[in-house]
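Undergrad: After the structure tokens below, expect a handful of questions from me.
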Amino acid sequence: MKGPILFLGIGGSGMSSLAHMAIDLKLPVIGYDKKNSETTDYLKERGVTLFHSIEDIPLEGIEMVVYSSAMGDKYKEVFERIKSLNIPLKHRSEFMHLLVSNQKSISVAGSHGKTSTTTMVSQILTEVGLNPTIMIGGDTSLLEKRGGKIGKGEYAVYESDESDGTFLGHKANFRLLTNIDNDHLDYYHTREKLEKAFLDYMGFSVPGETVLFLGDEGIRSALEHHHKELLFHKEFHLNLIHNKDHSKIDWFLYLKTKFDQQITTIVYEILNDTISFEYENQVYHLQLPFPGVHYLTNGLVALVCALKIGIKPQTSIEILSRYIGVKRRQEVLGVWKNITVIDDYGHHPTEIKMVIQSLKNKLNGEGKLQVIFQPHRYTRTSLLLEELATSLLGADVLYLLPIYSAGETPIEGISSMSFLPYLDSKKTTMLSGNVDEDLEAIKPQLQACDLLLCLGAGNVRDWGSKLVS
1 MKGPILFLGI GGSGMSSLAH MAIDLKLPVI GYDKKNSETT DYLKERGVTL FHSIEDIPLE
61 GIEMVVYSSA MGDKYKEVFE RIKSLNIPLK HRSEFMHLLV SNQKSISVAG SHGKTSTTTM
121 VSQILTEVGL NPTIMIGGDT SLLEKRGGKI GKGEYAVYES DESDGTFLGH KANFRLLTNI
181 DNDHLDYYHT REKLEKAFLD YMGFSVPGET VLFLGDEGIR SALEHHHKEL LFHKEFHLNL
241 IHNKDHSKID WFLYLKTKFD QQITTIVYEI LNDTISFEYE NQVYHLQLPF PGVHYLTNGL
301 VALVCALKIG IKPQTSIEIL SRYIGVKRRQ EVLGVWKNIT VIDDYGHHPT EIKMVIQSLK
361 NKLNGEGKLQ VIFQPHRYTR TSLLLEELAT SLLGADVLYL LPIYSAGETP IEGISSMSFL
421 PYLDSKKTTM LSGNVDEDLE AIKPQLQACD LLLCLGAGNV RDWGSKLVS
């Protein structure tokens, strides 16, 4: 490749990851982003030429342009100009597949837990010396702030993003699915279409192997509603429909080859932050450094995947006991006057509820859980308003920030005030969105041994960082 690759929106987590992978392959990279950030600064350190105005980019001589669905219609004229110059235009998912085309790929999907599970699989493969290619939609020390790297091993591990339907183009050898929940309904419009998309992702009609967490009601619902479209193994069908014991839930690993179908069932139970399971007449116990049932089930997904490529359960258990985590997933920002400040990316009702519950369990009645919540996107808030509000009820004290638009146009009648009819007014305080002003209102309410959780996918982290700085 002679000319450079242009990444549009290079400062985004997915795009920056791909740019780093291209750099690893010694491909010339230039990028466009409206603003500077730590992410773009690091890319510049690695030799990327950055433009803040598309009009300033010399398109002649560019080998390829990579874009994401977030670019939207406002860049339509730019895309037309690129096409007129016969420059190949690739969606980021297409480009990623080009990068991993010579490796066996492991794809991780789900409404929640993609980043954590991808990191877990990647850490296992890395520590056993398999040197995988990795792309993760979050910041983890495993990748040294890069989000993606090219490995020389046999496997490539990456997240599959369902938000715009592009995950259906993935042709992975292993497909992991953690859960299905009501998110991105602005794109799918109906639950039925969302479930159908995930069902297509599972890939029952193509070669490969799929790990499904059937402890998740969403996955069970998708299979039950659409099972007539599949040629189910009789045992699988009966277990799926009749397994109702939630104290011990079966894990079904659905193995597919070109000629037959097989089932591997793993029975597990969760007690005292430990997930115990039986495999080949031996009982194993998995613990993680982070509290929460969701981390344990994500860990079992990663462990089962590793098992299918030949890594023994005990090896994965030892590695996951040192799970390094991901930035903005229950990340401790620091301590202010004996109050621990935590940041978490949770922005969907299920995620919010799980994070709040896990931190409440950690407190165990010693101190209060105080939450600064920043709603993410007007569309999500409008579609899931009551569910979002209900998921916050577990907080002892709640502070509500204005909605983080993520570039969306405001929706009339939708604001953070819309949450109030569903909340306890005695425990809820509206914030202005000005960090200094808000912290002056919050500080008098904080007491020793409390936890302060900054929750949301926007810039709510800034409030916690400023407090502990």
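Residue numbers (the UniProt record's numbering): 1 to 469. For each residue, glycine too, the CB sits at the ideal point set by N, CA and C.
1. In its own chain, which residues sit with a C-beta less than 6 Å from the C-beta of P402, not counting the 5 before and 5 after it?
2. Taking the alpha-carbon positions, what's the H376 to G407 distance?
3. For the structure I just gave you, are there three or more beta carbon pairs, one from the stretch 104-111 and one from the stretch 74-89, closer than 8 Å?
4. Run through the DSSP bridge pairs and tell me what A197 is partnered with.
5. Tell me which same chain residues have a C-beta within less than 6 Å of the C-beta of P28, skipping the five on either side of it?
6. Could you tell me if L194 is buried or exposed, where buried requires 16 or more neighbouring beta carbons within 10 angstroms of its beta carbon?
7. Name the one or two DSSP bridge partners that K104 has.
8. What would DSSP say about T350, mapped onto helix, strand or coil?
9. Determine the direct distance from the alpha carbon of S316 to that of E412, and round the result to whole angstroms.
10. Quick one: what's got a C-beta closer than 7 Å to H242's C-beta in the same chain, skipping five residues either side?
11. If I follow the unbroken alpha helix (DSSP H) through Y42, where does it start and stop?
12. Would you kindly work out how many angstroms separate the C-alpha atoms of Q261 and T409, rounded to a whole number?
13. Check G91 in the structure and name its three-state DSSP category.
14. In or out: N298 buried (at least 16 other Cβ within 10 Å) or exposed?
15. Under 9 Å between the Cβ atoms of G334 and Q357?
16. Does the Cβ-Cβ distance between D343 and V460 come in under 9 Å?
17. Around the C-beta of R81, are 16 or more other C-beta atoms found within 10 angstroms, so that it is buried, or is it exposed?
18. Quick check on the burial criterion: 16 or more other C-beta atoms within 10 angstroms. Buried or exposed for L199?
19. Restricting to Cα atoms, I'd like to know which of L288, F419, R328 is closest to L388.
20. State the Cα-Cα distance for the pair N131 and G31, rounded to the nearest angstrom.
21. Determine the burial state of E209: buried for a count of at least 16 other Cβ atoms within 10 Å of its Cβ, exposed for fewer.
22. Between which two residues does the beta strand (DSSP E) carrying G464 extend?
23. State the Cα-Cα distance for the pair D41 and G47, rounded to the nearest angstrom.
24. Quick one: using the 10 Å Cβ neighbour count with 16 as the cut-off for buried, is K2 buried or exposed?
25. According to the neighbour-count rule (16 or more other Cβ atoms, all chains shown, within 10 Å of its Cβ), is C305 buried or exposed?
26. List, from N- to C-terminal side, the alpha helix (DSSP H) runs of 4 residues or more that fit wholly inside the stretch 315-386.
27. Per DSSP, R175 forms a beta bridge with which residues?
28. So what does T429 bridge to, in DSSP terms?
TA: Looking at the coordinates:
1. Cβ within range, chain order: S416, G433.
2. So the alpha carbons of these two residues sit roughly 10 Å apart.
3. With contact defined as three or more Cβ pairs closer than 8 Å, the stretch 104-111 and the stretch 74-89 are not in contact.
4. In the DSSP output, where bridge partners are listed per residue, A197 has none listed.
5. Cβ within range, chain order: P4.
6. That one is buried.
7. According to DSSP, which records beta bridges pairwise, K104 is partnered with Y155.
8. Here T350 sits in helix by DSSP.
9. When rounded, the distance between both Cα atoms is 50 Å.
10. Residue confidence is low: H242 scores 34 on pLDDT, short of 50, so the model does not pin down where it sits. Its coordinate-derived value is still stated next. No residues qualify anywhere along the chain.
11. Element bounds for Y42: 38-45.
12. Low confidence applies here, because Q261 scores a pLDDT of 47, under 50, leaving its location unreliable and the question unanswered by this model.
13. Checking the sequence shown, residue 91 turns out to be His, not Gly. Note: H91 maps to strand in three-state DSSP.
14. With 16 or more Cβ atoms within 10 Å of its Cβ, N298 is classed as buried.
15. Not in contact: G334 and Q357 (Cβ atoms no closer than 9 Å).
16. Yes, they are a contact pair.
17. The residue is exposed, with fewer than 16 neighbouring Cβ atoms inside 10 Å.
18. Within a 10 Å sphere around the beta-carbon of L199 sit 16 or more other beta-carbons, which makes this residue buried.
19. The shortest C-alpha separation from L388 is found at F419.
20. Using only the alpha carbons, I get a separation of about 28 Å.
21. Using a 10 angstroms sphere on the CB of E209, the tally of other CB atoms reaches 16 or more, which defines it as buried.
22. Going by DSSP, G464 is part of no beta strand (DSSP E) but of the alpha helix (DSSP H) stretching over 461-468.
23. If you take the alpha carbons of D41 and G47, they lie about 10 Å apart.
24. Exposed.
25. Looking at its Cβ environment, which holds 16 or more other Cβ atoms inside 10 Å, C305 is buried.
26. DSSP runs (the alpha helix (DSSP H)) wholly in the stretch 315-386: 349-363, 378-383.
27. Checking the DSSP bridge columns, you'll see R175 partnered with S107, T210.
28. Here T429 is bridged, per DSSP, to Y399.
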